[in-house]
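Read through the structure below, which is laid out as structure tokens, and then see the notes.
2 protein chains.
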Amino acid sequence: MAIFSTLTPVFLAVLCILIAIIFKNFKKSEKKPKTDSKPPVPSRPWVDEDLEDDTEINPGEDDEELAESEGDVSHVPFSLPRYSEAEMLHRSQEFYALMNGRRSVRFISPEPVPRDIIENVIRAAGTAPSGAHTEPWTFVVVADAQTKSEIRRIVEEEEEINYKLRMGEKWVTDLKRLRTNWVKEYLDTAPYLILIFKQTYGMHPSGKKRTHYYNEISVSISCGILLAALQNAGLVTVTTTPLNCGPQLRQLLQRPLNEKLLMLLPVGFPSEDATVPQLSRKPLDDIMVFV
Amino acid sequence: MAIFSTLTPVFLAVLCILIAIIFKNFKKSEKKPKTDSKPPVPSRPWVDEDLEDDTEINPGEDDEELAESEGDVSHVPFSLPRYSEAEMLHRSQEFYALMNGRRSVRFISPEPVPRDIIENVIRAAGTAPSGAHTEPWTFVVVADAQTKSEIRRIVEEEEEINYKLRMGEKWVTDLKRLRTNWVKEYLDTAPYLILIFKQTYGMHPSGKKRTHYYNEISVSISCGILLAALQNAGLVTVTTTPLNCGPQLRQLLQRPLNEKLLMLLPVGFPSEDATVPQLSRKPLDDIMVFV
Chain W
1 MAIFSTLTPV FLAVLCILIA IIFKNFKKSE KKPKTDSKPP VPSRPWVDED
51 LEDDTEINPG EDDEELAESE GDVSHVPFSL PRYSEAEMLH RSQEFYALMN
101 GRRSVRFISP EPVPRDIIEN VIRAAGTAPS GAHTEPWTFV VVADAQTKSE
151 IRRIVEEEEE INYKLRMGEK WVTDLKRLRT NWVKEYLDTA PYLILIFKQT
201 YGMHPSGKKR THYYNEISVS ISCGILLAAL QNAGLVTVTT TPLNCGPQLR
251 QLLQRPLNEK LLMLLPVGFP SEDATVPQLS RKPLDDIMVF V
Chain V
1001 MAIFSTLTPV FLAVLCILIA IIFKNFKKSE KKPKTDSKPP VPSRPWVDED
1051 LEDDTEINPG EDDEELAESE GDVSHVPFSL PRYSEAEMLH RSQEFYALMN
1101 GRRSVRFISP EPVPRDIIEN VIRAAGTAPS GAHTEPWTFV VVADAQTKSE
1151 IRRIVEEEEE INYKLRMGEK WVTDLKRLRT NWVKEYLDTA PYLILIFKQT
1201 YGMHPSGKKR THYYNEISVS ISCGILLAAL QNAGLVTVTT TPLNCGPQLR
1251 QLLQRPLNEK LLMLLPVGFP SEDATVPQLS RKPLDDIMVF V
């Protein structure tokens, strides 16, 4: 008992430290569930014009937006050109045939393409719907040879690492059949590179942040229209998402912090010896269910 | 000291309990950082054909995919119809004008639309590029009146709650100018509802899961092409994302667990008294940067 008696001050001290540690841990684990689990009544708003993605919603910072809202916009009558049933059928067949001729092409000719055409396809992309009509896209068109080379250097450096170190064996095999690797000659040869940035938030004139709901899905829809416009104009591209290059490319192109690279599209004519993997598309019955 | 001496067995017991608690907490907090913070070498694969989203990657479950891979696919020559410069310019202008006539329309006529046309626009949507050519989309076309009513009931029930309870005042104001509320008459009147599901993973014949990289972005691109195809055929829609209805609608339509509702598009002719909010689109200079 004598040993215990002399040790008690030590025990007390240890006890105090332990209690302090427990309190600290307890506080931490109290915080966790709040960020991890969903609140019973989610504050995420409902949207009618667009779709779920990684929208950065900072309710606290947006409080003043209410006062700056454009208010009730007036409505105007809407009509479309009305085609006959035969015309509709013909147009829908023709459009499908046009789209079905599209392939992801990695062999792009250095032949120049008039800038007007690129401007028109980007205008078309800009007609896409977006969450609460925020139009959260920036299309950076790179024609400058030196900037293209710089982009190639950044992309190839990162993708060689991705290819050699980061990817699972499975993924390499998945891509092997597409004959894809980290050498991206098209980044130099294509007359244009279109880098599509999503604006994760916007800015009010007052300098306050404006939430861009569903920005990733909106920009992806816009990219779908861009692909259709390119194919319609007789140009090719390949939809790429260079991993880990976003921040470097954003800095190179001097884009602001609210913009994040979503896609990089090299654009031009197919080179004369262009090839594509012999893949087929799923038949209608595999992608459509009729109820 | 006598008091402390008699208390030491109690202290010892308390100490043991505290140590046990600390060890438990320590284990927990050891696990947390692994899931929260990014690993120095991310195992996320790099992809050349598509784009970042909430892909469900379960490396453990996919190990056997390697053996089942299709291997090296043969490549075939690729060419496109070559237009003159004047033709390219004309086509790109026409396509922009066509797309620019598109608006999100919430007033849809009950007038029937031939099924062939719907099939063609979905065929067109199915030509979109996708991560590693997984084609991770299912288009459920609902023409059945009873199913449409059931969908309307589910969507309106959830959206009334969203509108009244879950949304911030700011968001209500953001949508007010679009004259949007939770009553969705078009869900009954439109001849078709197209519900677009993203397949978060696929299945190998062996029953093993197949990773669908970038499925959300792929399906969104496909939706962009679908919107273009509908506009080209003379039909209207509005891109909606009914919040919180996904699981109920998935069950109603008997879709498998790997499918998640991304969008719901009511499709038809605009009603005679259709109106749209008087919004303008950003000019080219606001969406394009030329380098």
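Protein sequence lines, in the order shown, are assigned to chains W and V.
Quick note: the first sequence uses my numbering, first residue 1, plus one each step.
Quick note: the second sequence uses my numbering, first residue 1001, plus one each step.
A virtual CB, placed ideally from N, CA and C, is assigned to each residue, including glycine.
Remember, it's a predicted structure, so these values are computed and weren't measured experimentally.
Local conformation of residue i per DSSP, three classes
i, result
"V/Leu1193", "strand"
"V/Glu1064", "Low per-residue confidence applies at V/Glu1064: pLDDT is 30, beneath 50, and the placement is therefore not dependable, though the value from the model is reported in the following sentence. Correct three-state label for V/Glu1064: coil."
"V/Phe1290", "strand"
"V/Arg1082", "coil"
"W/Glu30", "Any answer about W/Glu30 is weak, because its pLDDT of 41 lies below 50 and its placement is not dependable; what the coordinates show is given next. Helix, per DSSP."
"W/Thr241", "strand"
"W/Val276", "strand"
"W/Asp36", "With a pLDDT of 36 at W/Asp36, under the threshold of 50, the predicted position of this residue should be treated as unreliable, and no value is reported."
"V/Gly1101", "coil"
"W/Asp285", "helix"
"V/Leu1165", "helix"
"W/Glu94", "helix"
"W/Val113", "coil"
"V/Leu1262", "strand"
"W/Val73", "coil"
"W/Val121", "helix"
"W/Gly131", "helix"
"V/Val1267", "strand"
"V/Lys1198", "strand"
"V/Arg1155", "Sequence check: residue 1155 of chain V is Val here, not Arg. DSSP places V/Val1155 in helix when its eight states are reduced to three."
"V/Met1001", "Reliability of the predicted coordinates at V/Met1001 is poor, the pLDDT of 48 falling under 50, and no value is obtained from them."
7 Å Cβ cutoff met for residue i and residue j
i, j, result
"V/Pro1320", "V/Lys1198", "No information on residue 1320 of chain V is available, as it lies outside the stretch 1001 to 1291 that chain V covers here."
"V/Tyr1096", "W/Ala124", "yes"
"V/Leu1165", "V/Leu1264", "no"
"V/Ile1221", "W/Ser92", "no"
"V/Thr1239", "W/Pro129", "yes"
"V/Leu1249", "V/Leu1261", "yes"
"W/Glu159", "W/Trp182", "yes"
"W/Val140", "V/Val1289", "yes"
"W/Ala190", "W/Val121", "no"
"V/Gly1131", "W/Arg281", "no"
"W/Gly234", "V/Leu1080", "yes"
"W/Ala228", "V/Ala1228", "yes"
"V/Gln1278", "W/Val73", "yes"
"W/Pro270", "W/Val236", "yes"
"V/Val1142", "W/Val291", "yes"
"W/Val224", "V/Ile1225", "In the sequence as presented, Val is not what sits at residue 224 of chain W; that position holds Gly. Yes."
"W/Leu98", "W/Lys148", "no"
Limits of the beta strand (DSSP E) - the one that residue i falls within
i, result
"V/Gly1202", "1201-1203"
"W/Lys296", "Nothing about residue 296 of chain W can be read from this structure; chain W reaches only from 1 to 291."
"V/Thr1138", "1137-1142"
Closer than 6 Å: residue i CB and nearest the ligand PLP heavy atom
i, result
"V/Asn1258", "You won't find the ligand PLP in this model; it holds no ligand whatsoever."
Chain V residues whose Cβ lies nearer than 9 Å to that of residue i
i, result
"W/Ile108", "Those within 9 Å of W/Ile108 in chain V number zero; the least Cβ separation is about 11 Å."
"W/Thr200", "Within 9 Å Cβ-Cβ: nothing; W/Thr200 doesn't reach chain V, min ~13 Å."
8 Å Cβ cut-off: residues of chain V touching residue i
i, result
"W/Val141", "Met1288, Val1289, Phe1290, Val1291"
"W/Asp116", "Leu1089, Ser1092"
"W/Asp188", "Neighbours of W/Asp188 on chain V: none; closest Cβ ~15 Å, over 8 Å."
Under 7 Å by beta carbon: chain W residues contacting residue i
i, result
"V/Ser1206", "Per Cβ cutoff of 7 Å: no residues; V/Ser1206 is ~14 Å from chain W at best."
"V/Cys1223", "Ile221, Gly224"
"V/Gln1278", "Val73, Ser74, His75, Val76"
Chain W contact residues for residue i, given Cβ-Cβ distances below 8 Å
i, result
"V/Leu1253", "Val289, Val291"
"V/Glu1119", "Leu284, Met288"
"V/Ile1122", "Leu284, Ile287, Met288"
"V/Asn1100", "Arg123, Ala124, Thr127"
"V/Asn1232", "Arg91, Ser92, Phe95"
First through last residue of the alpha helix (DSSP H) which encompasses residue i
i, result
"V/Leu1226", "1215-1233"
"W/Arg250", "246-252"
Residues that residue i contacts on chain V, provided the C-beta gap is smaller than 7 Å
i, result
"W/Ser149", "Chain V residues near W/Ser149: none, gap ~12 Å exceeds 7 Å."
"W/Glu85", "Pro1114"
Listed by chain order, chain W residues near residue i by CB distance under 9 Å
i, result
"V/Leu1265", "Chain W residues near V/Leu1265: none, gap ~10 Å exceeds 9 Å."
Task: contact_flag[the stretch 199-215 of chain W, the stretch 145-155 of chain W] where n(CB pairs < 8 Å) is 3 or more - done: no
Query raised in the report: Do the stretch 1105-1120 of chain V and the stretch 134-148 of chain W touch if we need at least three Cβ pairs shorter than 8 Å?
Result: no
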